[in-house]
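The block underneath contains the structure these notes are about, expressed in structure tokens.
Number of protein chains: 2
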Amino acid sequence: MTESASRPPLEALITEGRGGILLFGITPPKVSTSPADRDRIAGVTLQRLAPLDLDGLILYDIDDESDRVADDRPFPYLSTIDPAQYYAEHLGDWSKPVIVYRSVGKYDTHQLSDWLAGADPQRELGVFVGASSKDKRVRTTLREAHRLRSRHRPELTLGAVMITERHAGRGDEHLRMLAKQDAGCAFFVSQVVYDVDGTKSVLSDYIYACRERGLTPRPVIFTLAVCGSLKTLSFLQWLGIQVPGWLRNELTYADDPLPVSFQHCLHGAEDLAAFCRRLGIPYGFNVESVAIRRAEIEAAVELAGQLRPLLR
Amino acid sequence: MTESASRPPLEALITEGRGGILLFGITPPKVSTSPADRDRIAGVTLQRLAPLDLDGLILYDIDDESDRVADDRPFPYLSTIDPAQYYAEHLGDWSKPVIVYRSVGKYDTHQLSDWLAGADPQRELGVFVGASSKDKRVRTTLREAHRLRSRHRPELTLGAVMITERHAGRGDEHLRMLAKQDAGCAFFVSQVVYDVDGTKSVLSDYIYACRERGLTPRPVIFTLAVCGSLKTLSFLQWLGIQVPGWLRNELTYADDPLPVSFQHCLHGAEDLAAFCRRLGIPYGFNVESVAIRRAEIEAAVELAGQLRPLLR
Numbered sequence: 033m034t035e036s037a038s039r040p041p042l043e044a045l046i047t048e049g050r051g052g053i054l055l056f057g058i059t060p061p062k063v064s065t066s067p068a069d070r071d072r073i074a075g076v077t078l079q080r081l082a083p084l085d086l087d088g089l090i091l092y093d094i095d096d097e098s099d100r101v102a103d104d105r106p107f108p109y110l111s112t113i114d115p116a117q118y119y120a121e122h123l124g125d126w127s128k129p130v131i132v133y134r135s136v137g138k139y140d141t142h143q144l145s146d147w148l149a150g151a152d153p154q155r156e157l158g159v160f161v162g163a164s165s166k167d168k169r170v171r172t173t174l175r176e177a178h179r180l181r182s183r184h185r186p187e188l189t190l191g192a193v194m195i196t197e198r199h200a201g202r203g204d205e206h207l208r209m210l211a212k213q214d215a216g217c218a219f220f221v222s223q224v225v226y227d228v229d230g231t232k233s234v235l236s237d238y239i240y241a242c243r244e245r246g247l248t249p250r251p252v253i254f255t256l257a258v259c260g261s262l263k264t265l266s267f268l269q270w271l272g273i274q275v276p277g278w279l280r281n282e283l284t285y286a287d288d289p290l291p292v293s294f295q296h297c298l299h300g301a302e303d304l305a306a307f308c309r310r311l312g313i314p315y316g317f318n319v320e321s322v323a324i325r326r327a328e329i330e331a332a333v334e335l336a337g338q339l340r341p342l343l344r
Numbered sequence: 033m034t035e036s037a038s039r040p041p042l043e044a045l046i047t048e049g050r051g052g053i054l055l056f057g058i059t060p061p062k063v064s065t066s067p068a069d070r071d072r073i074a075g076v077t078l079q080r081l082a083p084l085d086l087d088g089l090i091l092y093d094i095d096d097e098s099d100r101v102a103d104d105r106p107f108p109y110l111s112t113i114d115p116a117q118y119y120a121e122h123l124g125d126w127s128k129p130v131i132v133y134r135s136v137g138k139y140d141t142h143q144l145s146d147w148l149a150g151a152d153p154q155r156e157l158g159v160f161v162g163a164s165s166k167d168k169r170v171r172t173t174l175r176e177a178h179r180l181r182s183r184h185r186p187e188l189t190l191g192a193v194m195i196t197e198r199h200a201g202r203g204d205e206h207l208r209m210l211a212k213q214d215a216g217c218a219f220f221v222s223q224v225v226y227d228v229d230g231t232k233s234v235l236s237d238y239i240y241a242c243r244e245r246g247l248t249p250r251p252v253i254f255t256l257a258v259c260g261s262l263k264t265l266s267f268l269q270w271l272g273i274q275v276p277g278w279l280r281n282e283l284t285y286a287d288d289p290l291p292v293s294f295q296h297c298l299h300g301a302e303d304l305a306a307f308c309r310r311l312g313i314p315y316g317f318n319v320e321s322v323a324i325r326r327a328e329i330e331a332a333v334e335l336a337g338q339l340r341p342l343l344r
């Protein structure tokens, strides 16, 4: 608690390029959830997270990505409450900032402008997410969304996503990061990292490109998620997350994959922390649970607790 | 020395599936080398290796692989002395076994049969290497070579190569290993390992396939090579060795890549040793220098010395 009090607020940790950031990512409840249950869920969540020394929450904006892959989605797609609405109506007890995700293609420019105008830059930050596939019809492109924010709400601290798996294929994720940085993004949040080696390659290409161009590297926040079942494993893979073959085997053959993935997440975080420190990249961690099983959520909270020491 | 004396000979370490094997890989001098220089080179080499607690030497059989890639070969291809001939004529002072590589496609079946007939199974082991590309014209196929050895010289302990990079593309390297094991191979020697994660995936697929089929895993010997210059780096890549992007950057931007690659080799070896121990795969290391620069050769010897403790 005292430690938390001595740290600058999230927005300053980001804009000053300090890093040392610990976040927890939350998916709002389904729209079918009753108002009473929404409050109850929010209360349980905040109670679970209270012992953690977090700098903020991430509130996801879930988009139907079934256009992206032909395979059946292991967990069904269900519309979830708008993250800003969930924050406004049910997270009043949360005293720290939130990072509101925006799958910008879901909204027209008026809706996005309205949200930008209403957001409180002292308590809210944003992350714009582009289309999940090239062919997806979007109402607003990522480029347009960046322009809207620069024009109407430049004081809102904005972040962007970093996707290791895109780099493995095309080798240009660091250039996308630079372009987003140029468009005003002050930090990056990774997709769930299971491919630590590939993530190091994105970071490496990014820092050398920054040095070449005389740019200051922006904080990179690594998202980690434990995997407690084969269904969660197939969901991670459905999401496009590259799980190294040997780890996929270990999770598949384990009596209980949860402790195996927990250790992998922790070791990966140590590896990434040491790597970022060596290269001078400010960094942080974001923990989420992609499944709603109680054991996986509790392990995610436990993981976040064990990550804080890596941020000093 | 006492430690070495208490270890069974190489052939027993392999056939009994014990592992704990340390080798050093040597490319014989070019055929243009004078007999006096051949002796001098052999003497210098053995003197350099004398302080190491090796279980044996690997003698490579260099093949012109220019069919495999269109890029210019960073170090020119020059015919080298036949490894068995180099052993017979110049390595008389070497008291431990040697593993003679055979790029089988270079030889007709009579030549291979002659070598098999003349090899001393107490002092010599073999590794058969297949064609470097699908389209290469060969005089003997790997399958034919395996058949020759089974028929004429089954008492000669035979090994096979393991190539991580093939697994990354096709995901079937563990099946090739099983097929080679079925054809009589008692151990595997990897191509130079820079992609540790990918190598762990081959090993993982291999051990789970062994368990499924009720087979005993055979020793896997990991080849490590330091990289002391950008020319060596491009040669490694020309050889088809996958160097992770972040490491390629570090080697490229380092004032001196040699200590960077040395540390990577050592950490990779520790990682692989822990992984093999956990999965119950007998293992060993083979160190080679792909360049002939003195600093790189000395670093290779130093590396081999530091690997012995990982084999206990």
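Chains as they are written, first to last, in the working numbering: chain D, 33 to 344; chain E, 33 to 344.
Heads up, the beta-carbon is just placed ideally off N, CA and C, and yes, glycines get one too.
- Going by DSSP, Glu320 (chain D) is part of the beta strand (DSSP E) stretching over 315-320.
- In this structure Val225 (chain D) is buried. Its beta-carbon is surrounded by 16 or more other beta-carbon atoms within 10 angstroms.
- Using a Cβ-Cβ cut-off of 7 Å, Ser236 (chain D) counts as an interface residue toward chain E, since at least one Cβ of chain E sits closer than that to its own.
- Considering only E:Ala149, E:Asp71, E:Ser164, the residue with the shortest C-alpha distance to Tyr118 (chain E) is E:Asp71.
- Cβ-Cβ separation between Phe267 (chain E) and Val322 (chain E): approximately 6 Å, consistent with a contact (criterion under 8 Å).
- Collapsing the DSSP output to three states places Glu48 (chain D) in coil.
- Between Leu110 (chain D) and Leu190 (chain D), the alpha-carbon positions lie close to 27 Å from each other.
- If the five residues before and after Thr196 (chain D) are omitted, its C-beta is found closer than 6 Å to the C-beta atoms of Asp227, Gly230, Thr231, Val234, all from its own chain and listed in chain order.
- Nearest CB-CB separation between Asp287 (chain E) and chain D: not below the 7 Å threshold.
- One thing to note: Val258 (chain D) has its Cβ within 7 Å of the Cβ of Glu328 (chain D).
- The criterion of a C-beta distance shorter than 7 Å is satisfied by His184 (chain E) and Leu148 (chain E).
- Interface residue (Cβ-Cβ distance to chain E less than 7 Å): Gly277 (chain D) is classified as such.
- Short of 6 Å from the beta carbon of Ile273 (chain D), and not among the five residues preceding or following it, lie these beta carbons of its own chain, in chain order: Val224, Tyr226.
- Three or more Cβ pairs drawn from the stretch 83-90 of chain D and the stretch 42-56 of chain D lie within less than 8 Å of each other, which places the two stretches in contact.
- With the rule of 3 Cβ pairs closer than 8 Å, the stretch 46-60 of chain D counts as touching the stretch 300-316 of chain D.
- Around Lys232 (chain E), the beta-carbon contacts reaching into chain D at under 9 Å are Pro276, Gly277, Trp278, Leu279.
- Going by DSSP, Tyr238 (chain D) is part of the alpha helix (DSSP H) stretching over 228-245.
- Along the stretch 196-217 of chain E, there is no position whose C-beta sits under 7 Å from a C-beta of chain D.
- Closest by C-alpha distance to Gln79 (chain E), out of E:Asp125, E:Thr264, E:Leu207, is E:Asp125.
- Judged by DSSP in its simplified three-state form, Arg134 (chain E) adopts strand.
- The beta carbon of Asp303 (chain E) does not come within 7 Å of any beta carbon belonging to chain D, so the residue lies off that interface.
- Taking each of D:Cys308, D:Leu343, D:Leu262, D:Leu188 in turn and checking the Cα distance to Tyr133 (chain D), the smallest one comes out for D:Leu188.
- For the pair Arg326 (chain D) and Asp204 (chain D), the Cα-to-Cα distance works out to about 38 Å.
- Following the DSSP letters along the chain, one finds Gly150 (chain E) inside the alpha helix (DSSP H) bounded by residues 141-150.
- The continuous alpha helix (DSSP H) containing Gln79 (chain E) extends over residues 67-81.
- Interface with chain D (7 Å Cβ-Cβ cutoff): Tyr109 (chain E) is excluded.
- For Gly137 (chain D) against Val170 (chain D), the beta-carbon gap comes to about 3 Å, under 8 Å, which counts as contact.
- A distance below 8 Å between beta-carbons, with the five flanking residues on each side excluded, links Arg175 (chain D) to the following residues of its chain, in chain order: Ala215.
- Inter-residue distance for Gly162 (chain E) and Phe56 (chain E) is about 21 Å (C-alpha atoms, whole angstroms).
- Within chain E, the residues Asn281, Tyr285 have their CB atoms less than 8 Å from the CB of Tyr240 (chain D), given in chain order.
- Below the 7 Å Cβ cutoff, chain E contributes Asp229, Pro276 as neighbours of Asp229 (chain D), in chain order.
- Under the DSSP assignment, Gln274 (chain E) falls outside any beta strand (DSSP E); it carries neither an H nor an E label.
- DSSP, reduced to helix, strand and coil, places Gln223 (chain E) within a strand of the structure shown.
- Leaving aside the five residues that flank Glu282 (chain E) on each side, the residues in its chain whose CB is nearer than 6 Å to its CB run, in chain order, Val292.
- Scanning E:Ser38, E:Asp95, E:Pro106, E:Ala82 for the CA closest to the CA of Ile324 (chain E) turns up E:Pro106.
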